[in-house]
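Undergrad: To start, I am sharing the structure in question, which I have written as structure tokens.
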Amino acid sequence: MRKLLAVLLLAPCLALAQAYPTKSVRIIVGFPPGGTTDLVARIFQPKFQEYLGQQVVIENRSGAGGSVGAAEAAKSSPDGYTLLMVFDTHATNHHLFKAAPDPFKAFEHISLMVTSPSVLVAVTSFAPNNLREIIAYAKANPERVTYATPGSGSSNHFAGLLLERYGGIKMTQVAYSGGGPMIQALLSQQINISFFSMPPMLPHIKSGKVKPIAVGSRQRVPQLPDVPTLAETYPGFEQMSWFGILAPAGTPRDVIARVHRDTVRALQAPEVGGKLTEQGFDLVASTPEEFLRHAQAESEKLGKLIRESNLVAQ
Numbered sequence: 346m347r348k349l350l351a352v353l354l355l356a357p358c359l360a361l362a363q364a365y366p367t368k369s370v371r372i373i374v375g376f377p378p379g380g381t382t383d384l385v386a387r388i389f390q391p392k393f394q395e396y397l398g399q400q401v402v403i404e405n406r407s408g409a410g411g412s413v414g415a416a417e418a419a420k421s422s423p424d425g426y427t428l429l430m431v432f433d434t435h436a437t438n439h440h441l442f443k444a445a446p447d448p449f450k451a452f453e454h455i456s457l458m459v460t461s462p463s464v465l466v467a468v469t470s471f472a473p474n475n476l477r478e479i480i481a482y483a484k485a486n487p488e489r490v491t492y493a494t495p496g497s498g499s500s501n502h503f504a505g506l507l508l509e510r511y512g513g514i515k516m517t518q519v520a521y522s523g524g525g526p527m528i529q530a531l532l533s534q535q536i537n538i539s540f541f542s543m544p545p546m547l548p549h550i551k552s553g554k555v556k557p558i559a560v561g562s563r564q565r566v567p568q569l570p571d572v573p574t575l576a577e578t579y580p581g582f583e584q585m586s587w588f589g590i591l592a593p594a595g596t597p598r599d600v601i602a603r604v605h606r607d608t609v610r611a612l613q614a615p616e617v618g619g620k621l622t623e624q625g626f627d628l629v630a631s632t633p634e635e636f637l638r639h640a641q642a643e644s645e646k647l648g649k650l651i652r653e654s655n656l657v658a659q
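Each number in this note's numbering comes from the position in the sequence shown (counting from 1) with 345 added on.
Set out below in structure tokens:
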């Protein structure tokens, strides 16, 4: 009798998971339109929607380095109808923002989707044209060189801190709400330089609106073959950004499995994976377990750097 009762109680949950999805799904992006996270989401969305069999709506909820969108997702019903696409600040925001949800208690990790090398760019009005010239200028003008970030704790910010350490310089961080506003700041010459995920910068580099200085990959990239790596000037200096998809904690395992399956299928589809690769992303499409381990390792490593550097949110 007890076994029968348990089966009867479990049946509605199983039916719910097996029926998923029966309505539209939203993907929260914690940054404004026009940035790299938003770009990944919008390239991914049509094919993911096709495989899922329901409408998928992207909602931009920007603020606090992605923490505003994360908080919205964390308090949503854990039923698979709210997902969250994250940038690498996912692993650091809880070290910096009181309002940021715990990334490992508040979410189910589904897949590390793609990574991208950073590219250091400068505005056309900035006199230095290569990395050594930037370092020389910064040494002669302490704290006068400005660099844009989507907030403290982002890969863009850590790249700036590392450049300060490698070059023995001091710059000034200017924090924006996301990649879109950062691009506008660059194009309007409001700041001097920025580390940025390569894909959204490529059109502006090719049009001559910004100057490419160096890329953060281990080797030069085919999209910018004449642009040196950071490591060519400072051996060991590499900088990558990463993007993944999550669900609120407690989302049924069958639903997580379905979302993961269709995420991987969408990323591997030529019209999605090919476009992402062409623009400079590296496909990962990890398992949930691999993504969780990656995020935990990043949180531990960068959390230590945050504490040692006495970083505060900006």
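Note that CB positions come from ideal geometry on N, CA and C, so glycine has one too.
Being a predicted model, the structure only gives us computed values, none of them experimental.
1) Helix, strand or coil for ILE536, going by three-state DSSP, please let me know.
2) What's the gap between the Cα of TYR365 and the Cα of GLY512?
3) Would you call SER644 buried or exposed, if buried means 16 or more other Cβ atoms sit within 10 Å of its Cβ?
4) In terms of alpha-carbon separation, which member of ASP571, SER461, ILE372, LEU656 lies closest to THR622?
5) How do the segment 579-595 and the segment 457-476 stand: do at least 3 beta-carbon pairs fall below 8 Å, yes or no?
6) In three-state terms, what does DSSP make of ALA364?
7) Measuring straight from C-alpha to C-alpha, what distance separates ILE403 and GLY496?
8) Under 8 Å by Cβ, that's how I've got PHE541 and VAL431 pegged, so tell me the actual separation to the nearest angstrom.
9) Helix, strand or coil for PRO462, going by three-state DSSP, please let me know.
10) Closest by CA to VAL560, which one among PHE389, PRO548, THR578?
11) Go ahead and pull the three-state DSSP assignment for TYR511.
12) Are the CB atoms of LYS368 and ALA611 within a distance shorter than 8 Å?
13) Who does ILE403 pair with in a DSSP beta bridge?
14) Check whether the segment 602-617 touches the segment 463-481, counting contact only when three or more Cβ pairs, one atom from each stretch, lie closer than 8 Å.
15) For the pair the segment 483-499 and the segment 430-447, tell me if three or more CB-CB distances fall below 8 Å.
16) Below 8 Å between beta carbons: does that hold for ARG565 and ALA576?
17) Under the rule that 16 or more other beta-carbon atoms within 10 Å means buried, what is ASP447, buried or exposed?
18) Give me the Cα-Cα distance between GLY648 and GLY410, rounded to the nearest whole angstrom.
19) Are PRO544 and GLY625 closer than 8 Å when you measure CB to CB?
20) If you run the structure through DSSP and keep just helix, strand and coil, what is TYR426?
21) Taking its Cβ as the centre, do 16 or more other Cβ atoms sit within 10 Å of GLN584, making it buried, or is it exposed?
22) By DSSP, does PHE432 sit in helix, in strand, or in coil?
23) So the alpha helix (DSSP H) LEU647 belongs to, where does it begin and stop?
24) State the Cα-Cα distance for the pair VAL572 and ALA504, rounded to the nearest angstrom.
TA: Answer, in terms of the structure:
1) Taking the first residue of the sequence shown as position 1, residue 536 is located at position 191. DSSP places ILE536 in coil when its eight states are reduced to three.
2) Walking along the sequence shown from the start, residue 365 turns up at place 20. Walking along the sequence shown from the start, residue 512 turns up at place 167. Going by the C-alpha atoms only, they are around 53 Å apart.
3) Here residue 644 refers to the residue found at position 299 of the sequence shown. SER644 is buried by the Cβ-count criterion.
4) Along the sequence shown, read from residue 1 onward, the residue named residue 622 stands at position 277. Taking only the C-alpha atoms, the option nearest THR622 is SER461.
5) yes
6) The residue given as residue 364 occupies position 19 in the sequence shown. In this structure, ALA364 counts as helix in the three-state DSSP scheme.
7) Working through the sequence shown from its first residue, we reach residue 403 at position 58. Working through the sequence shown from its first residue, we reach residue 496 at position 151. One Cα belongs to ILE403, the other to GLY496, and the distance between them is close to 22 Å.
8) Here residue 541 refers to the residue found at position 196 when the sequence shown is read from its first residue. Here residue 431 refers to the residue found at position 86 when the sequence shown is read from its first residue. No, PHE541 and VAL431 are not in contact; Cβ-Cβ is about 17 Å, not under 8 Å.
9) Position 117 of the sequence shown, counted from the first residue, corresponds to residue 462. In the structure shown, PRO462 sits in a strand (DSSP, three-state: E or B).
10) Here residue 560 is taken as the residue at index 215 of the sequence shown, counted from 1. Of PHE389, PRO548, THR578, the residue nearest in Cα terms is THR578.
11) Taking the first residue of the sequence shown as position 1, residue 511 is located at position 166. Three-state DSSP puts TYR511 in a helix.
12) Residue 611 sits at position 266 when you count from the first residue of the sequence shown. Residue 368 sits at position 23 when you count from the first residue of the sequence shown. No, the pair does not count as a contact, with Cβ atoms beyond the cut-off.
13) Here residue 403 refers to the residue found at position 58 of the sequence shown. ILE403 is bridged to ILE372.
14) no
15) yes
16) Walking along the sequence shown from the start, residue 565 turns up at place 220. Walking along the sequence shown from the start, residue 576 turns up at place 231. No, the pair does not count as a contact, with Cβ atoms beyond the cut-off.
17) Here residue 447 is taken as the residue at index 102 of the sequence shown, counted from 1. Result: exposed.
18) Here residue 648 refers to the residue found at position 303 of the sequence shown. Here residue 410 refers to the residue found at position 65 of the sequence shown. Each residue's Cα considered, the two are about 15 Å apart.
19) On the sequence shown, residue 544 is found 199 positions in, with the first residue counted as 1. On the sequence shown, residue 625 is found 280 positions in, with the first residue counted as 1. Cβ atoms of PRO544 and GLY625: closer than 8 Å.
20) For the purposes of this step, residue 426 is taken as residue 81 along the sequence shown, with counting starting at 1. Three-state DSSP puts TYR426 in coil, outside helix and strand.
21) Here residue 584 corresponds to residue number 239 of the sequence shown, with the count starting at 1. Buried: at least 16 other Cβ atoms inside 10 Å.
22) One-based indexing of the sequence shown puts residue 432 at position 87. In the structure shown, PHE432 sits in coil (DSSP, three-state: anything other than H, G, I, E or B).
23) Position 302 of the sequence shown, counted from the first residue, corresponds to residue 647. First-last of the alpha helix (DSSP H) with LEU647: 633-654.
24) By 1-based counting over the sequence shown, the position of residue 572 is 227. By 1-based counting over the sequence shown, the position of residue 504 is 159. C-alpha separation (whole angstroms): 17 Å.
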